[in-house]
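Note that the protein sequences, when read in sequence, are chains A and B.
Residues are numbered in my numbering as their position in the first sequence, beginning at 1, plus a constant of 3.
Residues are numbered in my numbering as their position in the second sequence, beginning at 1, plus a constant of 3.
Note that beta-carbon positions come from the ideal geometry of N, C-alpha and C, so glycine has one too.
Down below is the structure, laid out as structure tokens.
2 protein chains.
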Amino acid sequence: MKLKPILSAVLFCAVSLSASAQNDSVTIRKIYDEALVNGKAYENLHYLCKNIGQRISGSANAQKAVEWSKKLMEGYGFDKVYLQEVMVPHWVRGEKEQGFIIDGKTRTPVALAALGMSVGTPKAGITAEVIELHSLKELETLGADKIKGKIVFFNRPFDERFIEAGRAYGTAGDQRNLGPGAASKYGAVAVIVRSLTSALDNYPHTGATSYGTNTPIPAAALSTIAANKLSETIKNAKGKPVQFFLKDNCQMLPDAQSFNVVGELKGTEEPNQFITVGGHLDSWDLAEGAHDDGTGVMQSAEVLRIFKAMGYKPKHSIRAVFFMNEENGDRGGLKYAELAAANKEEHIAAIESDGGGFTPRGFGITTSAATLQKINENWKPLFTPYQSDHLTQGGGGSDIGPLKQTVPGVTLIGFQADSQRYFDIHHTPNDVFENVNKRELELGAASMASLVYLIDQHGLKF
Amino acid sequence: MKLKPILSAVLFCAVSLSASAQNDSVTIRKIYDEALVNGKAYENLHYLCKNIGQRISGSANAQKAVEWSKKLMEGYGFDKVYLQEVMVPHWVRGEKEQGFIIDGKTRTPVALAALGMSVGTPKAGITAEVIELHSLKELETLGADKIKGKIVFFNRPFDERFIEAGRAYGTAGDQRNLGPGAASKYGAVAVIVRSLTSALDNYPHTGATSYGTNTPIPAAALSTIAANKLSETIKNAKGKPVQFFLKDNCQMLPDAQSFNVVGELKGTEEPNQFITVGGHLDSWDLAEGAHDDGTGVMQSAEVLRIFKAMGYKPKHSIRAVFFMNEENGDRGGLKYAELAAANKEEHIAAIESDGGGFTPRGFGITTSAATLQKINENWKPLFTPYQSDHLTQGGGGSDIGPLKQTVPGVTLIGFQADSQRYFDIHHTPNDVFENVNKRELELGAASMASLVYLIDQHGLKF
């Protein structure tokens with residue numbers, strides 16, 4: 004690409020709008036300017052990733068992250084900064100896992116990582132015949148006879164036809180989330196799962212599994228390269244049994260004390276009516292948790308910082324919430340919802356950023372079709388110059404979800420960033436600061452601040 | 004981010020459309036399926052980047068790229084594959100450049116790269132006092148007295164307030180494109196320019212400079228870290244002269260023979276009416292030219308491959324054109340336009356992909372406001388499910404631009420990918436295959452094929 008002459012006038016887009024919308028348009032331009040010129044989210048994320056690093060619930064690092072986050076928001080002079088105590092699951096991975104494909108006399112080591120909340124294997128590991136499946140339904144079809152004593156290998160890849168990568172993740176995810184519990188019911192001794200990603204590489208993607216009422220059995224994710232290798236080995240064995248060796252050292256410790264971190268700008272007109280914007284502070288133990296979800300918490304704090312820097316005094320109280328324990332328990336989200344009800348707070352809206360800090364595309368909004376249409380008529384033109392104007396039906400997040408039960412009338416909204424690269428690095432050691440782009444992160448913070456501003460000014464009842 | 008249950012029904016979006024639009028919607032879904040499930044652009048790009056690599060105009064590698072591209076398209080069985088001969092400038096960088104900041108007795112080496120088309124320094128290099136400017140206008144203000152005999156250092160950074168990074172590039176770009184020629188007019192002995200990027204790193208970004216009728220003087224780009232270092236040194240010197248040493252070894256050789264590579268599907272109804280889709284095959288010498296513009300050419304070939312794979316027989320002739328010499332001469336684009344006129348071809352539209360192979364956002368279309376509105380009314384709903392629905396005024400590309408002069412009635416269209424990361428790597432050794440995401444590339448190819456399909460079916464006269 005070469006240079007083309009560009010008039011500087013295009014910096015400020017001329018859009019024909021009503022006087023009120025014109026005001027909003029000017030304020031939103033100021034929000035973007037502040038985010039892009041004086042933004043702090045990127046340097047804050049650097050600190051979180053590089054000076055603290057992984058921060059799984061219950062860990063010493065999670066506690067460090069809580070303390071640093073509180074100081075950060077206090078330093079910005081928000082009206083109130085405080086902690087909400089919450090007890091969280093304390094799962095530890097222990098020593099690095101081992102896995103081998105055993106094909107006759109050949110033992111091939113493969114890249115794998117225990118799933119979060121998995122139980123450990125016996126010290127000597129587990130060796131058993133491996134059976135490859137592509138859905139949970141196949142367990143039923145095959146029945147206990149064929150599964151008992153075996154290691155079940157779920158190997159259904161992402162459906163690449165989905166446009167939003169999160170939907171491919173959603174439809175493949177039962178293998179990781181429910182597969183181990185389901186296989187246990189049929190007598191499997193362990194489960195290994197193809198990593199939930201489109202990428203073909205050697206990173207295993209961890210993530211929570213949930214056994215429900217089934218007996219826990221060890222469960223681990225294979226990298227996609229390892230999964231392909233195992234599948235190929237099974238195919239080439241032509242019915243001869245292939246075995247797998249798995250050893251992991253996971254443990255559940257007693258619940259640990261932890262905290263949500265909350266920063267608040269007090270509303271000038273309706274201080275007991277809240278707009279919450281948040282992400283989760285905890286991460287998986289293998290990663291810096293840059294995109295998942297360092298970007299989300301840093302964008303949330305940035306929303307309030309931008310308002311303060313602009314001298315914008317919100318009518319309603321605006322909260323940035325750094326939720327604890329999204330990854331393996333949702334205890335922070337549950338606690339926040341419980342306290343909101345106990346304190347008789349009214350909540351207008353809650354917005355979660357937990358899909359990575361990539362270029363913003365818009366927001367998913369859980370509301371009626373009629374309201375969504377009104378939102379689009381009124382606000383879409385304000386977001387179009389920023390290319391963050393996909394305002395679609397349905398959205399929220401794991402942390403804000405519980406509010407729906409405890410605080411009637413809250414509208415749940417999910418910030419939507421470009422999803423294509425997210426699952427390349429999600430829940431892997433490659434989810435690092437270096438994979439976050441400064442401008443993409445800042446554009447996301449600005450679009451979140453713009454939506455909070457519009458809700459603060461106009462509400463969500465059209 | 005955790006898992007949320009998703010119904011697989013969401014794969015296919017229900018949109019209320021007319022019967023004709025319904026047909027289009029079904030075909031577009033097939034286009035995306037083919038691109039995402041059986042896409043070849045990514046593996047082709049891998050070959051181009053890793054087995055051929057840099058391919059600056061006139062180089063042996065450019066010739067290799069031409070031959071391989073022709074074979075590739077022949078292998079796909081397009082109706083016609085051929086070369087268009089064109090003579091191209093043959094600029095060579097020579098031995099690696101050297102640059103030092105000389106502050107009293109301290110010589111600090113800095114990362115820099117000669118600008119494309121720059122002349123070389125004398126063998127011993129050039130040492131002179133450096134003067135920091137932020138615009139070409141300042142040359143005029145200061146006048147020849149203050150500039151003569153000095154090295155001019157243009158150091159105006161990107162204006163971060165632009166939402167599309169290409170606009171920041173456009174407004175900062177005069178420093179590189181015209182700065183050396185302009186400074187030469189005032190007696191400067193060399194020019195060094197801050198790299199055209201938002202990124203703060205040590206990659207110098209090359210790119211063409213154009214001296215016009217001014218005497219050529221050596222010109223080089225500094226990495227942004229080097230530019231900041233030099234600026235700081237000048238500031239700390241408090242008026243004491245700071246010198247700079249520049250040595251480069253560039254040469255202009257005689258023009259060389261090269262080629263555009265053209266692949267064609269013959270129209271079933273109007274074979275002499277063309278829709279062209281293209282990118283440029285040449286790259287800068289420092290880079291693999293992955294995003295600039297390996298992605299563009301591979302997406303263009305993919306458009307035709309998708310049509311063949313689907314059994315779609317276009318009414319009009321569809322061409323994929325791999326243009327030669329976009330980076331430093333535009334000779335391929337000029338030749339294509341010249342031949343189109345000479346052969347009395349009608350051209351309905353030409354679409355260029357030369358902004359990187361990132362997630363598609365839409366298309367910039369150079370047409371009347373009335374036609375753009377019609378295009379939006381009719382086609383935007385078809386692109387919305389694919390999040391590639393920003394159909395905006397103004398767009399094209401350097402390669403297709405000359406068609407406007409020779410073929411009346413052609414509509415020029417620029418494919419628009421997400422721009423945020425492009426200038427991090429643009430014209431640097433970091434523009435490598437590894438920075439291209441498979442799905443993003445494929446989504447772009449699919450959106451280009453979808454637009455070509457719609458133009459083929461409905462034309463651009465509403």
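Under the three-state reduction of DSSP, A:P112 is assigned to strand. B:E132 is a Cβ neighbour of B:P244, given a cutoff of 8 Å. When Cβ pairs closer than 8 Å are counted between the two stretches, the stretch 446-457 of chain B is seen to touch the stretch 305-320 of chain B, the count reaching three or more.
Residues of chain B with a Cβ closer than 7 Å to the Cβ of A:E37 do not exist, since the nearest Cβ in that chain sits about 10 Å away. A:P125 counts as exposed, since fewer than 16 other C-beta atoms from the protein chains shown sit within 10 angstroms of its C-beta. Contact between the stretch 57-69 of chain A and the stretch 257-276 of chain A is present: three or more C-beta pairs spanning the two stretches fall below 8 Å. Residues of chain B with a Cβ closer than 8 Å to the Cβ of A:R442 are, in chain order, E163, A168, S201 and Q423.
Closer than 8 Å to the CB of A:R58 there is not a single CB belonging to chain B. If only uninterrupted beta strand (DSSP E) runs of at least 3 residues are considered, those enclosed by the stretch 236-299 of chain B are 246-250, 254-268 and 273-283.
Residue-level contact by beta carbon holds for B:P388 and chain A, with a gap shorter than 8 Å.
With contacts defined as CB atoms closer than 8 Å, A:N252 and A:G123 qualify as a contacting pair. The three-state reading of DSSP puts B:G102 in strand, counting E and B together. Check the Cα spacing between A:G367 and each of A:S138, A:I321, A:I416 and A:L139: the tightest is with A:I416.
Burial is judged here by how many other beta carbons sit within 10 angstroms of a residue's own beta carbon; B:P221 has at least 16 and is buried.
A:V155 carries a strand assignment under DSSP once its states are collapsed to helix, strand and coil. Residue state for A:S303 is assigned as helix, using DSSP reduced to three classes.
As computed with DSSP, B:A420 is found in a beta bridge with B:P363.
Between A:M451 and chain B, the shortest Cβ-Cβ separation is not below 8 Å. At least one beta carbon of chain B lies nearer than 8 Å to the beta carbon of A:H429.
Residues are counted here when their Cβ sits less than 8 Å from a Cβ of chain A; for the stretch 289-302 of chain B these are D295 and D296, given in chain order. Closest option to A:V155, judged by alpha-carbon separation, among A:E167, A:K140, A:F165 and A:F161: A:K140.
With 16 or more other CB atoms across the displayed protein chains lying within 10 angstroms of its CB, A:V439 is buried.
With a threshold of 8 Å between beta carbons, A:V29 makes no contact with chain B. DSSP places A:H350 outside any alpha helix (DSSP H); the residue lies instead in the beta strand (DSSP E), whose first and last residues are E349 to E355.
Against chain B, the beta carbon of A:H393 has neighbours under 7 Å at Q390, listed in chain order.
Taking 9 Å as the upper bound on Cβ-Cβ separation, chain B lies near residues E329, E330, N331 and D333 of the stretch 329-349 of chain A. Counted as a single uninterrupted DSSP element, the stretch harbouring A:E70 is not any beta strand (DSSP E) but the alpha helix (DSSP H) occupying residues A63 to G78.
Beyond the five residues adjoining it in sequence on each side, B:K250 comes within less than 6 Å, by CB distance, of Q101, T124 and G128 in the same chain, given in chain order. Counting other Cβ atoms within 10 Å of its Cβ, B:V29 stays below 16 and is therefore classed as exposed. Residue-level contact check: B:M313 does not touch chain A, since none of the beta carbons of chain A fall below 8 Å from its beta carbon. Contact with chain A is found for B:V40, since one of that chain's Cβ atoms lies less than 8 Å from the residue's Cβ. Contacts with chain A at 8 Å (Cβ-Cβ) do not include B:T369. A Cβ-Cβ distance of about 5 Å is found for the pair B:K67 and B:I55, placing them in contact under the 8 Å criterion. Cβ contact annotation for B:L20 (same chain, cutoff 7 Å, sequence separation greater than five): S28 and P384, in chain order. Counted as a single uninterrupted DSSP element, the alpha helix (DSSP H) harbouring A:R442 occupies residues K441 to H461. Proximity of the stretch 265-283 of chain A to the stretch 312-319 of chain A meets the contact definition, three or more beta-carbon pairs being nearer than 8 Å.
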